[in-house]
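Mind the numbering: the sequence shown is residues 13 to 223 in my numbering, read in order.
C-beta: ideal position from N, C-alpha, C; glycine also.
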Amino acid sequence: MPVPLYVQRKFHAFLLYIIFKGKDYLLKITTIMKTIRLLTFSSLDGYPVYPAPDNIMYLRNFNLKSHLLQGEGPLIISGEDYAEIFQRNAGWPVTEIQTYVISSSDMNVTPEAPVIFITENPVRTLHKLKHENSSGCIFVITSGIGTGIISFLLKNKLLDEIHLITLPIVLGSESKASGLFDNVPYSKWKLSSSTAHPSGVLETFYRRIQS
Numbered sequence: 013m014p015v016p017l018y019v020q021r022k023f024h025a026f027l028l029y030i031i032f033k034g035k036d037y038l039l040k041i042t043t044i045m046k047t048i049r050l051l052t053f054s055s056l057d058g059y060p061v062y063p064a065p066d067n068i069m070y071l072r073n074f075n076l077k078s079h080l081l082q083g084e085g086p087l088i089i090s091g092e093d094y095a096e097i098f099q100r101n102a103g104w105p106v107t108e109i110q111t112y113v114i115s116s117s118d119m120n121v122t123p124e125a126p127v128i129f130i131t132e133n134p135v136r137t138l139h140k141l142k143h144e145n146s147s148g149c150i151f152v153i154t155s156g157i158g159t160g161i162i163s164f165l166l167k168n169k170l171l172d173e174i175h176l177i178t179l180p181i182v183l184g185s186e187s188k189a190s191g192l193f194d195n196v197p198y199s200k201w202k203l204s205s206s207t208a209h210p211s212g213v214l215e216t217f218y219r220r221i222q223s
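Here it is as structure tokens:
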């Protein structure tokens, strides 16, 4: 028995309603997830500030980053950065923000601090962190040693935003570090905002275009 035309029309109208309402619902879901945002300093030629003995910008930049994020968070860093930061500060300097360390082994020497090592299935763990809370950011910071974490996040499509602070310097052959975006896959980003400061520092925000 054929379905009456008026029933077909009502069914199609219902489908359209579900489709468009579903899009709104999915949009709401994506907007309430936490985003993972990279906060990093860069030279004009794309290098992070390298922690050399005569380079005080290393700790200054890290301390500035952690100061900017007080009351925010949590943080994600690499195991290399954790070891370097601990050594240079004779302890863990960030005590008010939960920090997650992506590492192949648990080398936590600051059990009293809010530090958790992620040694198994970091992709799944980070996906879980993104969905655990309703809004806000999970911040990724790197000192210049552990830039591999940027490649890891981009390869697994976990990085949503980039907060790039570009200093008016060219490191050139003086830099012994890897570039910030070495060994990363192709991805497209949209400029959200850009601010040029009187000091010559350029601060830019980018958001990844979903593919």
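To the nearest angstrom, how far is the alpha carbon of residue i from that of residue j?
i: Ser-163; j: Leu-171; result: 10 angstroms
i: Tyr-59; j: Ser-205; result: 21 angstroms
i: Lys-140; j: Lys-169; result: 14 angstroms
i: Val-152; j: Ser-115; result: 14 angstroms
i: Asp-183; j: Leu-214; result: For the sequence presented, residue 183 should be read as Leu rather than Asp. Straight-line Cα distance between these residues: approximately 16 angstroms.
i: Pro-86; j: Glu-173; result: 15 angstroms
Compare the C-alpha of residue i against each of the options and name the closest.
i: Gln-222; options: Leu-179, Ala-125, Ser-199; result: Ser-199
i: Ser-185; options: Met-45, Asp-57, Lys-46, Leu-50; result: Asp-57
i: Ser-55; options: Gly-191, Ser-211, His-209; result: Gly-191
i: Arg-227; options: Val-213, Gly-212, Trp-201, Leu-214; result: The question about residue 227 has no answer, for the chain in this structure spans 13 to 223.
i: Ala-224; options: Val-196, Leu-165, Leu-179; result: Lying before the first or after the last residue shown, residue 224 is absent from the chain, which here runs from 13 to 223.
Can you tell me whether residue i is buried or exposed? The criterion is at least 16 other CB atoms within 10 Å of its CB, across all chains shown.
i: Leu-143; result: The question names Leu, but residue 143 in the sequence shown is His. The residue is exposed, with fewer than 16 neighbouring Cβ atoms inside 10 Å.
i: Leu-39; result: Caution is warranted here: a pLDDT of 38 is assigned to Leu-39, below 50, making its placement in the model unreliable, and no coordinate value can be reported.
i: Thr-111; result: buried
i: Thr-52; result: buried
i: Ser-211; result: exposed
Near residue i, what residues of its chain come up, given a Cβ to Cβ distance below 6 angstroms and the 5 sequence neighbours on each side ignored?
i: Gly-148; result: Lys-46
i: Phe-217; result: His-175, Ser-204, Ser-205
Looking only at its own chain, which residues have a Cβ that is under 8 angstroms from the Cβ of residue i, when we skip the five neighbours before and after it?
i: Asp-194; result: Thr-159, Ser-163
i: Thr-107; result: Ala-125, Pro-126
Within its chain, find whatever has a CB closer than 7 angstroms to the CB of residue i; leave out the 5 residues flanking it on each side and keep chain order.
i: Phe-129; result: Val-113, Ser-115, Asp-118, Asn-120
(message) Using a Cβ distance threshold of 8 angstroms, determine whether the segment 117-124 contacts the segment 95-103, with at least three qualifying pairs required.
(response) Flag = yes, the segment 117-124 and the segment 95-103 touch.
(message) Under 8 angstroms, with one C-beta from each stretch per pair, do the segment 130-147 and the segment 98-105 reach the 3-pair mark?
(response) The segment 130-147 vs the segment 98-105: no contact.
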